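Below is one structure, written out as structure tokens, with a few remarks after it.
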Amino acid sequence: MPLELSAWLTPAIVIAVGALLLRSNARLEDRLGARIDETNKRIDETNRRIDGLDNRLRAVEHGQARLEGLLEGLREAIAGRRPAA
Numbered sequence: 002m003p004l005e006l007s008a009w010l011t012p013a014i015v016i017a018v019g020a021l022l023l024r025s026n027a028r029l030e031d032r033l034g035a036r037i038d039e040t041n042k043r044i045d046e047t048n049r050r051i052d053g054l055d056n057r058l059r060a061v062e063h064g065q066a067r068l069e070g071l072l073e074g075l076r077e078a079i080a081g082r083r084p085a086a
């Protein structure tokens, strides 16, 4: 009788452990997928912020170039020279 119980018990344990592993793996995949989605959203938000900063930097550079041109004209006017065309 004990041999018959062992013959059924071992496969039952293997099946139960396998089912638990599959369930655990499915949960892990779900959590990993959620983490990937969250990371992608954060990357997208960071990219939007970088784009905004890039636009602001371009505007500052444009303003700086304009001010440099005005300053050069002012220097020439103070020195009594005609401004460059």
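Take the sequence shown: its letters are residues 2 to 86, numbered as in our numbering. For each residue, glycine too, the CB sits at the ideal point set by N, CA and C. Since we're looking at a predicted model, the values are computed, not measured.
Item	Value
Residues of its chain near M2, where Cβ-Cβ distance is below 6 Å and the 5 sequence neighbours each way are ignored	Unreliable placement is indicated for M2, whose pLDDT of 48 sits below 50; no coordinate value is reported for it.
Alpha-carbon spacing of K42 relative to N48, whole angstroms	10 Å
R59 (DSSP reduced to helix, strand or coil)	helix
Cβ neighbours of T11 in the same chain (closer than 7 Å, five flanking residues each side left out)	none
R32, DSSP secondary structure in three states	helix
DSSP three-state assignment for G64, whether helix, strand or coil	helix
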